[in-house]
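The sequence shown runs contiguously to residue 711 in my numbering. Heads up, the beta-carbon is just placed ideally off N, CA and C, and yes, glycines get one too.
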Amino acid sequence: GNFSWALTNQANSLGGGLTLQCSQGTFFTASTTNVPSLGGAGDITLGAYVNSGQVAINVAATNAVNSVTNADGTPSIIIPNNINVQTMRWIFDQSPSVGNAQPVNITGNVLLNSGSSNLRDICLASPLTISGVVSGGGTYGMIFGALTSTMTLINPANSFSGNITFNVPGTLQVNSDGALGFFANIINFNSANNPLRALASFAVSATRRLVLNAATTLDTQTNTLEVDCLVSGAGVLTKNGTSTLNLTYAN
């Protein structure tokens, strides 16, 4: 069914973790501190009851004194829990009714256990940073399927496989080649207006491939970005940023 849950008490202590399983569901948290009511650092499992559902996490949290600092110097609300995403669409949002809300940083690890359903993507209605390790992925990898905002991946130990696919406009920010997961992950740009943004200077490994099925932007900002892999596809490639973009492969 279609369910909503709300956890608001900062004293929550869910030693055994938290499992949300449904065909349609929204999970609300509310907090004025750096951990949004998720019951300490237990694991959170998001699963589809009928093998093809969706679960939304809506975080409502104000400025946090003890928040972490993002790569761009801004603070983020911390979610320390490990998150296991099973066979479903994972929707992430942040309540617009909470003034001064900071972006969210998942410092726990995220397992993409996509299963075999017809709907297994990520829907970002608000920016999200994952500084923990992203693993899993399997056949389907990391798919951005709807309402995509900005995803920031900053852990060089990310190991998720199955490629990265943009089916809707959105931005992926990374600070290293390792943040893109498994060394042979292909990045598929299937929709226009989906920049790949460099948060630091690094080289995209020659074992990867960028497939431009739509107009694509590589944004260096003030960093040097070297692309050592094949860049293919009919989409137009645009370079943004004030620093250097080096394409070293015989494209």
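**Prompt:** Which ranges would you report for the beta strand (DSSP E) in the region 658 to 695 if only whole runs of at least 3 residues count?
**Reply:** 662 to 664, 669 to 672, 676 to 679, 685 to 687 and 690 to 692
**Message:** Considering only their Cβ atoms, is the gap separating G597 from D622 smaller than 7 Å?
**Reply:** According to the sequence provided, residue 622 is Gly. The question's Asp does not apply to it. In contact: G622 and G597 (Cβ atoms closer than 7 Å).
**Asked** Would you call T489 buried or exposed, if buried means 16 or more other Cβ atoms sit within 10 Å of its Cβ?
**Response** Summary for T489: the model assigns pLDDT 48, below 50, so the residue's position carries little reliability; its value from the coordinates is reported in the next sentence. It is buried - the Cβ of T489 has at least 16 other Cβ atoms within 10 Å.
**Item:** Proximity to A606 [Cα-Cα], best of L571, G568, W550 and I566
**Value:** W550
**Request:** Would you decide whether N542 is buried or exposed? Buried here means 16 or more other CB atoms lie within 10 Å of its CB.
**Result:** buried
**Item:** Where the beta strand (DSSP E) containing S595 begins and where it ends
**Value:** V594 to G596 is the span of the beta strand (DSSP E), which, as asked, contains S595.
**Prompt:** Which residues share a DSSP beta bridge with N648?
**Reply:** T625 and V671
**Prompt:** Starting from F604 and walking both ways along the beta strand (DSSP E), at which residues does that stretch end?
**Reply:** M602 to A606
**Prompt:** Is A675 near N650, with beta carbons less than 7 Å apart?
**Reply:** no
**Message:** Considering Cα atoms alone, identify which of R657, L707 and I614 is closest to L569.
**Reply:** One detail in the question is off: residue 569 reads as Asn in this sequence, not Leu. Checked all of R657, L707 and I614; the closest Cα to N569 is I614.
**Request:** Under 6 Å Cβ to Cβ from V407, same chain only, skipping five residues before and after it: list those, please.
**Result:** Only positions 461 to 711 of the chain appear in this structure, which leaves residue 407 out of reach.
**Request:** Pull up the DSSP beta-bridge partners for I582, would you.
**Result:** For I582, DSSP records a beta bridge to W550 and F604.
**Message:** Give me, in chain order, the residues of the same chain whose beta-carbon lies closer than 8 Å to that of C689; leave out the 5 immediate sequence neighbours on both sides.
**Reply:** V664, S665, A666, T667, R668, R669, L670 and Y709
**Request:** Express the C-alpha separation of I624 and Q681 in angstroms, rounding to a whole number.
**Result:** 21 Å
**Asked** Tell me the DSSP bridge mates of N635?
**Response** N635 is not bridged to any residue.
**Message:** Determine whether the beta carbon atoms of F662 and G630 lie at a separation below 7 Å.
**Reply:** no
**Prompt:** Considering only residues of the same chain and omitting the five flanking positions on each side of F642, which have a CB-CB separation below 7 Å?
**Reply:** S619, F620 and S621
**Request:** Return the first residue and the last residue of the beta strand (DSSP E) that N706 is part of.
**Result:** L705 to L707
**Asked** Buried or exposed: which applies to V696, given that a residue is buried once 16 or more other Cβ atoms fall within 10 Å of its Cβ?
**Response** exposed
**Request:** May I ask you to list the residues that DSSP assigns as paired with N700?
**Result:** D679
**Prompt:** Considering only C-alpha positions, which residue in the set T702, A694, G693 and I646 is nearest to L659?
**Reply:** T702
**Request:** Would you decide whether T608 is buried or exposed? Buried here means 16 or more other CB atoms lie within 10 Å of its CB.
**Result:** buried
**Message:** For D738 and N700, which I take to be in contact (beta-carbon distance under 8 Å), what is that distance rounded to the nearest angstrom?
**Reply:** The chain is shown only over 461 to 711; residue 738 falls outside these bounds and no answer can be derived.
**Request:** Take the Cβ of F487 as the centre, count every other Cβ of all protein chains shown within 10 Å, and call the residue buried at 16 or more, exposed below.
**Result:** Only weak support is given to the placement of F487: the predicted model assigns it a pLDDT of 46, under 50, and the question is left unresolved by the model.
**Message:** Is A617 near the ligand HEM - that is, is its Cβ less than 6 Å away from at least one heavy atom of it?
**Reply:** Only the bare structure without any ligand can be found here, which leaves the ligand HEM out of the picture.
**Prompt:** Hey, quick one: how far does the beta strand (DSSP E) through T612 stretch, first residue to last?
**Reply:** T610 to L613
**Request:** Pull up the distance between the alpha-carbon of F552 and that of S636, whole angstroms please.
**Result:** 24 Å
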